[in-house]
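Going by full-length UniProt numbering, the residue at position 23 of the sequence shown is 23; the numbering climbs one at a time, nothing skipped.
Quick reminder that beta carbons are idealized off the backbone N, C-alpha and C, glycines included.
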Amino acid sequence: MTEERTDQNLSFKWPVVEKPTLFYCEYGLEQVSLPGTSYFNLKEVEAVKMFVNNLIESGVKGSQIGVITPYDAQRLKIFDFIMQNNSVGGSPYSEIEVANVHPFQGREKDYIIISCVRSNHNNSIGFLRDPRLLNVAITRAR
């Protein structure tokens with residue numbers, strides 16, 4: 001991790017400081033939203049909450065954080081969490097951007113959390129089969 005990419009003022013304990021990427025595996029099965037047109041994964045929503053809370057508590061501004069997910073049902077679950085924490089005016093949570101992959105194309109944030117959602121016994125990864133979508137998602141962090 002280069003000096004200009006390191007935020008020296010954070011208390012967040014990054015596992016390997018020299019490597020700016022962290023992959024975190026959460027074992028939770030996907031669920032289909034009603035009316036059956038999208039997917040969500042509550043275990044991943046909890047993991048996103050943990051990472052967002054750690055970043056905010058470490059001094060990261062909400063405007064520096066983006067959460068990307070290919071599924072609208074997951075986006076809505078994460079957005080609900082953000083809104084619950086945004087009840088006080090001026091909350092850093094109000095500036096966190098939660099979106100699907102396409103709105104992030106061509107844009108960057110200092111911290112990107114990607115929620116892939118899909119976890120099933122068929123090993124089906126859905127939208128992430130498309131290397132272009134995966135590329136957009138994993139290249140949005142500065």
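> How long is the line joining the alpha carbons of E108 and A141, rounded to whole angstroms?
Replying inline: 6 Å
>> Going residue by residue through the UniProt domain "DNA2/NAM7 helicase-like C-terminal" (10 to 142), where are the continuous alpha helix (DSSP H) segments of at least 4 residues, counting only ones entirely within it?
In response: 42 to 57, 72 to 84, 101 to 104, 131 to 138
> Relative to the alpha-carbon of P20, which residue among I125, I112, R118 has its alpha-carbon at the smallest distance?
Replying inline: I112
> How would you call I138, buried or exposed, if buried means at least 16 neighbouring beta carbons within 10 angstroms?
Replying inline: exposed
> Out of curiosity, what's the CA-to-CA distance linking R129 and N86?
Replying inline: 34 Å
>> Residues in the same chain with beta-carbon distance under 6 Å from R132, minus the five sequence neighbours each way, listed in chain order, please.
In response: none
>> For a quick check, are the C-beta atoms of V136 and N41 less than 7 Å apart?
In response: no
> Which word fits E57, buried or exposed, when buried means at least 16 other C-beta atoms lie within 10 angstroms of its C-beta?
Replying inline: exposed
> When the Cα atoms are used, what is the spatial distance from Y93 to P15?
Replying inline: 24 Å
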